[in-house]
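Step one of this worksheet: look at the structure below.
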Amino acid sequence: MFLEKNLDLLMTKYGIDNAKGLAITAKLFPNPIFSLFGGAAITQQQTFKGTRYITPQIEQMFLLAGKRGYRMESAGYGIQAAEATFTDAIRQLTLTLKDTYYQVQLANRRLDLAKDNQQRFHRILTIGELRFKKGFIAEVELIRLRLQAVDFGAQVIRFTQEVQTALADLRILLAFPPTIDLVLTSDLVYTRVTPDIDRLRTEALDKRPDLQARRFVLSQQQANLRLAKSLRIPDPIVGGAFTMQGPQGGGNQQLYSLNLEVPLPVFDRNQGGIAQAEIAIQVAQVDLHKTTLEVQNEIEVNYRNLTQSQRLVEAYQAGVLDDAKTTFLILERAYQKGGATLIDVLDAARTSQTILQNYLEALFEYQRNLLLLERATGQDIL
Numbered sequence: 001m002f003l004e005k006n007l008d009l010l011m012t013k014y015g016i017d018n019a020k021g022l023a024i025t026a027k028l029f030p031n032p033i034f035s036l037f038g039g040a041a042i043t044q045q046q047t048f049k050g051t052r053y054i055t056p057q058i059e060q061m062f063l064l065a066g067k068r069g070y071r072m073e074s075a076g077y078g079i080q081a082a083e084a085t086f087t088d089a090i091r092q093l094t095l096t097l098k099d100t101y102y103q104v105q106l107a108n109r110r111l112d113l114a115k116d117n118q119q120r121f122h123r124i125l126t127i128g129e130l131r132f133k134k135g136f137i138a139e140v141e142l143i144r145l146r147l148q149a150v151d152f153g154a155q156v157i158r159f160t161q162e163v164q165t166a167l168a169d170l171r172i173l174l175a176f177p178p179t180i181d182l183v184l185t186s187d188l189v190y191t192r193v194t195p196d197i198d199r200l201r202t203e204a205l206d207k208r209p210d211l212q213a214r215r216f217v218l219s220q221q222q223a224n225l226r227l228a229k230s231l232r233i234p235d236p237i238v239g240g241a242f243t244m245q246g247p248q249g250g251g252n253q254q255l256y257s258l259n260l261e262v263p264l265p266v267f268d269r270n271q272g273g274i275a276q277a278e279i280a281i282q283v284a285q286v287d288l289h290k291t292t293l294e295v296q297n298e299i300e301v302n303y304r305n306l307t308q309s310q311r312l313v314e315a316y317q318a319g320v321l322d323d324a325k326t327t328f329l330i331l332e333r334a335y336q337k338g339g340a341t342l343i344d345v346l347d348a349a350r351t352s353q354t355i356l357q358n359y360l361e362a363l364f365e366y367q368r369n370l371l372l373l374e375r376a377t378g379q380d381i382l
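In case it helps, my numbering puts the sequence shown at residues 1 to 382.
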């Protein structure tokens with residue numbers, strides 16, 4: 001559905017149809033040329049009826065030196081390049097869709113965390129109001145609790161807006177109207193991967209569609225050079241004619257003739273076209289080499305980033321998350337019994353919130369780095 005409705009992908013797909021149209025043109029033979037001549041003598045007492053003649057003629061150009069074959073070869077590589085470009089567009093748009101999906105997951109997790117903090121702090125505020133009424137805490141402490149509760153409420157509103165924005169981006173990619181509600185069927189969770197980086201490097205250089213497209217473009221330019229060199233050989237035009245004339249036009253009233261036209265390659269031997277084709281090959285070679293280097297560097301950078309983000313996520317899961325939650329829970333209970341100050345509770349709440357938010361960010365970065373590695377290698381890893 002996503003691939004069928006995406007407008008950018010549809011425009012890229014039209015490039016394949018255009019290349020196929022060029023291939024149809026490349027395999028066509030030149031059209032024959034029909035000519036018709038006529039005349040008469042009307043001087044020296046000659047009459048139109050007696051001297052009139054008419055000559056129908058047909059001519060055909062014959063392509064030499066393999067020109068038609070080279071055009072077909074070039075057009076074939078053009079189709080393959082367009083198809084590889086379309087495949088690469090699918091790859092890029094699919095990765096964009098995954099990234100947007102992960103952003104929705106992150107926004108949902110942030111919103112859930114903000115709602116949980118709001119509920120927990122609402123309980124603390126209720127306890128604080130009771131303690132204030134009993135004279136156990138000062139009014140300034142109650143005001144601090146209310147201000148912090150407002151801050152948690154503002155976070156819920158902000159993350160709700162973030163969820164709606166991310167969902168809107170996802171609808172645009174899926175070409176859905178805003179009236180359709182999207183419900184995610186999975187959550188942002190950690191799945192450890194250990195990619196075979198050596199295999200990924202090798203397969204990426206062989207299978208990544210943008211590299212394949214540039215190889216096809218190079219092959220197309222090489223075919224264009226062969227075509228340009230073949231254009232040095234002139235193409236002859238062979239024709240035949242039949243002349244019918246009046247009784248006073250000559251000894252025979254029906255004449256047959258053959259003609260041959262061959263351009264003499266004295267000045268123009270397609271020197272400019274050959275030079276342009278050679279430059280086009282050099283440009284295609286440089287573009288292929290540049291893209292190859294970019295792919296190699298993308299793989300290395302994204303693999304290292306994935307490894308580092310993996311370590312960070314596992315460091316959080318090794319006990320930091322539980323420690324942050326436990327500390328806040330202990331101080332919350334202690335505050336309810338009067339065994340902890342408001343400053344201790346607020347500090348624990350902020351610390352717990354910061355650590356949990358940082359964990360979500362680390363988890364999202366891990367998923368994104370995995371996604372970037374998939375984009376760099378041109379294949380799914382999970």
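Idealized CB from N, CA, C, for every residue including glycine.
These figures come from a predicted structure and were not determined experimentally.
Margin query: Quick check: does the Cβ of Ala-40 come within less than 6 Å of any heavy atom belonging to the ligand HEM?
Written below: For the ligand HEM, the structure offers nothing, since it holds no ligand at all.
Checklist line | Cβ-based neighbour list, Gly-385, same chain, cut-off 8 Å, excluding 5 preceding and 5 following | finding: Residue 385 is absent from the structure shown; the chain starts at 1 and stops at 382.
Notebook entry, point to check: Thinking C-beta only, is Leu-125 closer than 7 Å to Ala-149?
Noted result: Counting from one through the sequence shown, the residue named residue 149 turns up at place 149. Counting from one through the sequence shown, the residue named residue 125 turns up at place 125. Yes, the pair counts as a contact, with Cβ atoms nearer than the cut-off.
Item checked: For Tyr-53, the residue or residues it bridges with in DSSP -> Taking the sequence shown and counting its residues from 1, one reaches residue 53 at position 53. DSSP output for Tyr-53 lists Gly-39, Gln-245 as bridge partner(s).
Notebook entry, point to check: How long is the line joining the alpha carbons of Arg-131 and Glu-298, rounded to whole angstroms?
Noted result: Indexing the sequence shown from 1 puts residue 131 at position 131. Indexing the sequence shown from 1 puts residue 298 at position 298. Computed Cα separation, rounded: 59 Å.
Item checked: In chain order, each alpha helix (DSSP H) run of at least 4 residues that lies wholly inside the stretch 115-179 -> 139-174
Note to self: Considering only their Cβ atoms, is the gap separating Phe-86 from Thr-12 smaller than 7 Å?
What the structure shows: In the sequence shown, counting from the first residue as 1, residue 12 sits at position 12. In the sequence shown, counting from the first residue as 1, residue 86 sits at position 86. Cβ atoms of Thr-12 and Phe-86: closer than 7 Å.
Next item on the list: Sort Leu-260, Tyr-335, Pro-178 by Cα distance to Ala-349 and report the nearest one.
Entry: Taking the sequence shown and counting its residues from 1, one reaches residue 349 at position 349. Ala-349 has its Cα closest to that of Tyr-335, out of Leu-260, Tyr-335, Pro-178.
Notebook entry, point to check: Name the DSSP beta bridge partners of Ser-257, please?
Noted result: Taking the sequence shown and counting its residues from 1, the one referred to as residue 257 is at position 257. Ser-257 is bridged to Ala-241.
Check: With distances taken from CA atoms, which of Glu-314, Ser-352, Arg-311 is nearest Ala-324?
Finding: One-based indexing of the sequence shown puts residue 324 at position 324. The candidate whose alpha carbon is nearest that of Ala-324 is Ser-352.
Check: Considering only the beta carbon of each residue, do Asp-169 and Thr-94 sit closer than 7 Å?
Finding: Here residue 169 refers to the residue found at position 169 of the sequence shown. Here residue 94 refers to the residue found at position 94 of the sequence shown. Contact check for Asp-169 against Thr-94 fails: the beta carbons are separated by 7 Å or more.
Check: Looking at the unbroken alpha helix (DSSP H) that takes in Ala-223, where does it start and where does it end?
Finding: Residue 223 sits at position 223 when you count from the first residue of the sequence shown. Residue range 209-230 is occupied by the alpha helix (DSSP H) that includes Ala-223.
Item checked: Sufficient close CB pairs (3 or more, under 8 Å) joining the stretch 274-294 to the stretch 210-218 -> yes
Margin query: Quick check on the burial criterion: 16 or more other C-beta atoms within 10 angstroms. Buried or exposed for Ser-309?
Written below: Looking up residue 309 in the sequence shown gives position 309. So Ser-309 ends up on the buried side.
Notebook entry, point to check: What is the DSSP secondary structure of Gln-60, reduced to helix, strand or coil?
Noted result: Walking along the sequence shown from the start, residue 60 turns up at place 60. Note: Gln-60 maps to strand in three-state DSSP.
Notebook entry, point to check: Do Leu-416 and Thr-160 have their C-beta atoms within less than 7 Å of each other?
Noted result: Missing from the structure shown is residue 416; the chain here goes from 1 to 382 and no further.
Notebook entry, point to check: Taking C-alpha atoms, which residue in Gly-21, Ile-143, Asn-108, Arg-199 lies nearest to Ser-74?
Noted result: Locating residue 74 in the sequence shown gives position 74, counting from the first residue. The candidate whose alpha carbon is nearest that of Ser-74 is Gly-21.
Note to self: Relative to the C-alpha of Ile-343, which candidate in Gly-239, Gly-128, Asp-380, Val-238 has its C-alpha closest?
What the structure shows: As a working mapping, residue 343 is identified with position 343 in the sequence shown. Among Gly-239, Gly-128, Asp-380, Val-238, the Cα nearest to that of Ile-343 is on Gly-128.
Next item on the list: Give the single residue among Asn-6, Ala-154, Val-140, Asn-224 whose Cα lies nearest to the Cα of Gln-92.
Entry: Within the sequence shown, the letter at position 92 stands for residue 92. For the residues Asn-6, Ala-154, Val-140, Asn-224, the minimum Cα distance to Gln-92 belongs to Asn-6.
Next item on the list: Using DSSP bridges, identify the partner residues of Phe-34.
Entry: Residue mapping note: residue 34 aligns to position 34 of the sequence shown, counting from 1. Answer by DSSP bridge pairing, in chain order: Ile-58.
Item checked: Alpha-carbon spacing of Leu-372 relative to Glu-162, whole angstroms -> What you label residue 372 is simply residue 372 of the sequence shown in a count that begins at 1. What you label residue 162 is simply residue 162 of the sequence shown in a count that begins at 1. Approximately 23 Å, taken between the alpha carbons.
Notebook entry, point to check: Residues in its own chain within less than 7 Å of Lys-229 by CB, not counting five upstream and five downstream?
Noted result: Taking the first residue of the sequence shown as position 1, residue 229 is located at position 229. Correct list, in chain order: Ile-274.
Item checked: Own chain, CB closer than 7 Å to Arg-71, minus 5 neighbours either side, in chain order -> Translated into the one-based positions of the sequence shown, residue 71 becomes position 71. If we look at Arg-71 and ignore the five residues flanking it on each side, its Cβ neighbours are Ala-26, Leu-227.
Next item on the list: Out of Val-238, Ile-233, Leu-288, Gln-276, point me to the one whose CA is closest to Leu-264's CA.
Entry: As a first step, residue 264 must be located in the sequence shown, where it is residue number 264. Selected option, being the one with the closest Cα: Ile-233.
Check: What are the boundary residues of the alpha helix (DSSP H) that includes Thr-326?
Finding: Start at 1 with the first residue of the sequence shown, and residue 326 comes out as number 326. Counting along the chain, the alpha helix (DSSP H) containing Thr-326 begins and ends at 321-336.
Notebook entry, point to check: So, using beta-carbon positions, are Gln-105 and Leu-188 closer together than 7 Å?
Noted result: By 1-based counting over the sequence shown, the position of residue 105 is 105. By 1-based counting over the sequence shown, the position of residue 188 is 188. Yes; because the gap between Cβ atoms is below 7 Å, this pair is in contact.
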